[in-house]
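Novice:
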Amino acid sequence: MDPARTIIHLDMDAFYASVEQLDHPAYRGKPVVVGADPRGGKGRGVVAACSYEARPFGIKSAMPISRAYRLCPRAIYVRPRFERYAEMSERIFAVLREYTNLVEPLSIDEAFLDVTGSRRLFGPADAIGRTLKARIRSEVGLVASIGIAPNKFLAKVASDLGKPDGFVVVVPGKEREFLDPLPISRLWGVGPKTEIHLKRLGLETIGHVARMPVEALEASLGSGGRDLWELAHGRDDRPVVPEEDAKSVGAETTFEADTDDLEEIRRTLLELSDRVGRRLRHEGYLAGGVTLKFRNHLFRTTTRAALLARPTDVGDDLFREAWGLLKRVSWTGKRVRLLGVTATRLIHATDSPKGQMALFESGSDSRRQLARTVDAIRDRFGADAIARASLLPKHRQRQGQRQRQRQG
2 MDPARTIIHL DMDAFYASVE QLDHPAYRGK PVVVGADPRG GKGRGVVAAC
52 SYEARPFGIK SAMPISRAYR LCPRAIYVRP RFERYAEMSE RIFAVLREYT
102 NLVEPLSIDE AFLDVTGSRR LFGPADAIGR TLKARIRSEV GLVASIGIAP
152 NKFLAKVASD LGKPDGFVVV VPGKEREFLD PLPISRLWGV GPKTEIHLKR
202 LGLETIGHVA RMPVEALEAS LGSGGRDLWE LAHGRDDRPV VPEEDAKSVG
252 AETTFEADTD DLEEIRRTLL ELSDRVGRRL RHEGYLAGGV TLKFRNHLFR
302 TTTRAALLAR PTDVGDDLFR EAWGLLKRVS WTGKRVRLLG VTATRLIHAT
352 DSPKGQMALF ESGSDSRRQL ARTVDAIRDR FGADAIARAS LLPKHRQRQG
402 QRQRQRQG
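Position 225 of the sequence shown, counting from 1, maps to 226 under the working numbering, and the rest follow consecutively.
Structure follows, in structure tokens:
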């Protein structure tokens with residue numbers, strides 16, 4: 002381990018729920034659960050995230066939404082707004098990249114930063130960390146927890162221990178002092194089964210693992226035994242790897258109730274395709290292929306894939322292909338539980354070959370321009386500022402029809 006190396010792990014606190022509390026002041030200080038509609042405890046789906054105020058009730062991510070409702074029926078339950086979360090994530094990562102180009106995203110709200118080469122410009126690592134926290138709070142309105150250490154493993158453990166609103170520094174040379182008292186579950190690679198196995202060996206803390214002969218760990222756990230022993234000593238030489246090119250972009254949804262309503266299915270596929278198209282445009286990619294994910298009420302999952310005649314980032318094109326793929330799925334007599342649309346074979350939009358527009362496709366560029374205009378409106382006025390009429394609730398569609406009839 003290079004003692005001169007400095008790694009920051011930054012993790013946003015209760016990200017989805019915090020964005021909801023930021024956007025809705027009435028939610029602040031109250032238990033907020035982001036996920037499926039609980040429908041009075043009979044809802045489907047899971048908890049995507051919850052605020053810290055909801056956690057004392059036992060609510061946590063990935064929990065069935067029905068159970069969360071039973072634990073705390075008075076919580077505020079909101080549906081996820083993924084476009085809004087992606088927008089806030091982009092703002093956060095833009096701040097991070099001002100301090101180093103070595104940023105490795107782990108998720109929409111979590112990243113490693115190697116600031117070893119940044120100290121000459123921005124000062125010591127703890128000063129960089131505090132600046133990041135302060136800027137994210139003041140410019141984005143959210144709270145980040147930060148861990149600073151000589152490597153990725155230690156930095157991740159440090160940020161986890163400090164939550165919420167944490168700031169923990171592991172000083173080089175103090176790795177064992179920091180790790181020894183912690184439970185073995187803090188070691189990367191120790192899941193429930195491995196934890197039980199280690200405890201049977203009398204190993205309760207990371208310090209116990211560090212003091213055990215490495216040969217004994219290897220004899221008990223195989224090659225993974227040495228990896229755990231190295232981590233228990235605070236050793237981790239993995240580099241921070243900047244974000245690689247995306248291989249796919251997708252979106253999926255679980256219906257609140259299994260459905261065979263073809264119109265609802267069509268609307269859902271169109272909405273998913275629009276969401277994927279918007280992400281492609283924001284991230285600068287074109288899709289060369291589309292994959293449809295289909296799960297029926299018996300929990301059987303089917304996928305179908307196709308190549309596109311021409312790379313695209315337009316939701317209409319993705320939908321047309323996904324709808325065609327759905328017709329290839331045999332689901333007569335079955336109801337749909339989940340649908341997903343994924344754009345595959347991605348290329349950078351700037352790499353798309355010029356002058357290869359197929360005959361009769363002169364409208365393609367105008368559709369892309371229209372999609373970008375819609376993006377600009379939503380970026381400025383919010384995701385709900387403009388929507389397809391066919392995706393509006395039916396009562397809104399009827400209102401619009403009556404208004405057009407009166408005007409006509």
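Note that CB positions come from ideal geometry on N, CA and C, so glycine has one too. Just so you know, these numbers come straight off a predicted model, no measurement behind them.
In this structure, what does DSSP give as the bridge partners for residue 1?
Specialist: Nothing can be reported for residue 1: it is not among the residues displayed for the chain, which extend from 2 to 409.
Novice: At what residues does the alpha helix (DSSP H) containing residue 180 begin and finish?
Specialist: For the purposes of this step, residue 180 is identified with residue 179 of the sequence shown, where counting begins at 1. Where residue 180 is concerned, the enclosing alpha helix (DSSP H) stretches over 176 to 180.
Novice: What residue does the alpha helix (DSSP H) around residue 243 start on, and which one ends it?
Specialist: By 1-based counting over the sequence shown, the position of residue 243 is 242. Run containing residue 243: none; DSSP gives neither H nor E here.
Novice: Taking the alpha-carbon positions, what's the residue 19 to residue 133 distance?
Specialist: Within the sequence shown, the letter at position 18 stands for residue 19. Within the sequence shown, the letter at position 132 stands for residue 133. Between residue 19 and residue 133, the C-alpha separation is close to 18 angstroms.
Novice: What is the rounded straight-line gap between the Cα of residue 203 and the Cα of residue 176?
Specialist: As a working mapping, residue 203 is identified with position 202 in the sequence shown. As a working mapping, residue 176 is identified with position 175 in the sequence shown. About 22 angstroms.
Novice: Among 215, 70, 148 and 344, which residue has its Cα nearest to the Cα of residue 314?
Specialist: Residue mapping note: residue 314 aligns to position 313 of the sequence shown, counting from 1. If we check each option's Cα against that of residue 314, 344 comes out closest.
Novice: Taking only the alpha-carbon atoms, compute the straight-line gap between residue 141 and residue 93 and give it to the nearest angstrom.
Specialist: Along the sequence shown, read from residue 1 onward, the residue named residue 141 stands at position 140. Along the sequence shown, read from residue 1 onward, the residue named residue 93 stands at position 92. Roughly 7 angstroms between the two C-alpha positions.
Novice: Would you report the Cα separation of residue 362 and residue 303, rounded to the nearest angstrom?
Specialist: As a working note, residue 362 is residue 361 in the sequence shown. As a working note, residue 303 is residue 302 in the sequence shown. Confidence is the limiting factor: at residue 362 the pLDDT is only 40, short of 50, which leaves the residue's position unreliable, though a coordinate-based value still follows. Cα to Cα, the separation comes out at about 31 angstroms.
Novice: Considering only the alpha carbon of each residue, which of 112, 87 and 107 lies closest to residue 97?
Specialist: As a first step, residue 97 is located in the sequence shown; it is residue number 96 there, counting from the start. The residue with the shortest Cα to Cα distance from residue 97 is 112.
Novice: Can residue 270 and residue 306 be called in contact, C-beta distance under 7 angstroms?
Specialist: One-based indexing of the sequence shown puts residue 270 at position 269. One-based indexing of the sequence shown puts residue 306 at position 305. No, the Cβ-Cβ distance between residue 270 and residue 306 is not below 7 angstroms.
Novice: Considering residue 283, what are the terminal residues of the alpha helix (DSSP H) in which it resides?
Specialist: Working through the sequence shown from its first residue, we reach residue 283 at position 282. Residue 283 -> alpha helix (DSSP H) spans 263 to 284.
Novice: Cβ of residue 37 within 7 angstroms of Cβ of residue 30?
Specialist: Along the sequence shown, one-based indexing puts residue 37 at 36. Along the sequence shown, one-based indexing puts residue 30 at 29. The answer is no: Cβ separation not under 7 angstroms.
Novice: Residues in its own chain within less than 7 angstroms of residue 17 by CB, not counting five upstream and five downstream?
Specialist: As a first step, residue 17 is located in the sequence shown; it is residue number 16 there, counting from the start. Hits under 7 angstroms: 35, 49, 50, 81 and 86.
Novice: Would you kindly work out how many angstroms separate the C-alpha atoms of residue 261 and residue 339, rounded to a whole number?
Specialist: Start at 1 with the first residue of the sequence shown, and residue 261 comes out as number 260. Start at 1 with the first residue of the sequence shown, and residue 339 comes out as number 338. Rounded to whole angstroms, residue 261 to residue 339 spans 11 angstroms at the Cα level.
Novice: Whole angstroms are fine: how far does the CA of residue 163 sit from the CA of residue 210?
Specialist: Counting from 1 along the sequence shown, the entry for residue 210 is found at position 209. Counting from 1 along the sequence shown, the entry for residue 163 is found at position 162. The alpha-carbon atoms of residue 210 and residue 163 are separated by roughly 23 angstroms.
Novice: Can you tell me which of 312, 259 and 369 puts its alpha carbon nearest to the alpha carbon of residue 334?
Specialist: Counted from its first residue, the sequence shown places residue 334 at position 333. Closest option to residue 334, Cα to Cα, is 259.
Novice: Here's the rule: buried if 16 or more other CB atoms are within 10 angstroms of the residue's CB, otherwise exposed. What is residue 130?
Specialist: Residue numbering aside, residue 130 sits at position 129 when the sequence shown is read from its first letter. By the neighbour-count rule (16 or more Cβ atoms within 10 Å), residue 130 is buried.
Novice: Express the C-alpha separation of residue 137 and residue 9 in angstroms, rounding to a whole number.
Specialist: As a first step, residue 9 is located in the sequence shown; it is residue number 8 there, counting from the start. As a first step, residue 137 is located in the sequence shown; it is residue number 136 there, counting from the start. Straight-line Cα distance between these residues: approximately 15 angstroms.
Novice: Report yes if the CB atom of residue 6 is closer than 7 angstroms to the CB atom of residue 151, and no otherwise.
Specialist: Walking along the sequence shown from the start, residue 6 turns up at place 5. Walking along the sequence shown from the start, residue 151 turns up at place 150. Yes, these two residues count as a Cβ contact at 7 angstroms.
Novice: On a CA-only basis, which of 242, 292 and 224 is nearest residue 249? Give me that one, please.
Specialist: As a position in the sequence shown, residue 249 is number 248, starting the count at 1. That would be 292, whose Cα lies nearest to the Cα of residue 249.
Novice: Helix, strand or coil: how does DSSP classify residue 134 here?
Specialist: Translated into positions along the sequence shown, residue 134 becomes position 133. Residue 134 falls in the helix class under three-state DSSP.
Novice: Answer yes or no: do residue 347 and residue 274 have a C-beta to C-beta separation smaller than 7 angstroms?
Specialist: The count along the sequence shown starts at 1 and reaches residue 347 at position 346. The count along the sequence shown starts at 1 and reaches residue 274 at position 273. It is not a contact, given that the beta carbons lie outside the stated cut-off.
Novice: I need the boundaries of the alpha helix (DSSP H) containing residue 89, first residue and last residue.
Specialist: Counting from one through the sequence shown, the residue named residue 89 turns up at place 88. Element bounds for residue 89: 83 to 97.
Novice: Determine the contact status of residue 148 and residue 159, defining contact as a CB-CB distance below 7 angstroms.
Specialist: Taking the sequence shown and counting its residues from 1, one reaches residue 148 at position 147. Taking the sequence shown and counting its residues from 1, one reaches residue 159 at position 158. Yes, the pair counts as a contact, with Cβ atoms nearer than the cut-off.
Novice: If we count Cβ pairs, one from each stretch, closer than 8 angstroms, do we get three or more for the region 188 to 207 versus the region 225 to 243?
Specialist: Touching, per the Cβ criterion.
Novice: Closer than 8 angstroms by C-beta to residue 165: which residues in its own chain qualify, once you throw out the five before and the five after it? Chain order, please.
Specialist: Working through the sequence shown from its first residue, we reach residue 165 at position 164. Only 14, 15, 53, 144 and 146 meet the Cβ criterion.
Novice: Give the range of the beta strand (DSSP E) segment to which residue 146 is assigned.
Specialist: Along the sequence shown, read from residue 1 onward, the residue named residue 146 stands at position 145. Where residue 146 is concerned, the enclosing beta strand (DSSP E) stretches over 145 to 150.
Novice: From which residue to which residue does the beta strand (DSSP E) around residue 250 run?
Specialist: The residue labelled residue 250 in the question sits at position 249 within the sequence shown. Start and end: 250 to 260.
Novice: Return the residue from the list 156, 168 and 309 that minimises the CA-CA distance to residue 289.
Specialist: Counting from one through the sequence shown, the residue named residue 289 turns up at place 288. Closest by alpha carbon: 309.
Novice: Within 10 angstroms of its Cβ, does residue 91 collect 16 or more other Cβ (buried), or is it exposed?
Specialist: On the sequence shown, residue 91 is found 90 positions in, with the first residue counted as 1. Exposed, by the Cβ-count rule.
Novice: Compare the C-beta of residue 97 against all C-beta atoms of chain B and say whether one is closer than 7 angstroms.
Specialist: Included in the structure is just one protein chain, with no chain B present.
Novice: Where in the region 160 to 206 do unbroken runs of the alpha helix (DSSP H), each at least 4 residues long, occur, reported from the N-terminal end onward?
Specialist: Within the region 160 to 206, the complete alpha helix (DSSP H) runs of at least 4 residues are 176 to 180 and 193 to 201.
Novice: Are residue 103 and residue 243 closer than 7 angstroms when you measure CB to CB?
Specialist: Translated into positions along the sequence shown, residue 103 becomes position 102. Translated into positions along the sequence shown, residue 243 becomes position 242. The answer is yes: Cβ separation under 7 angstroms.
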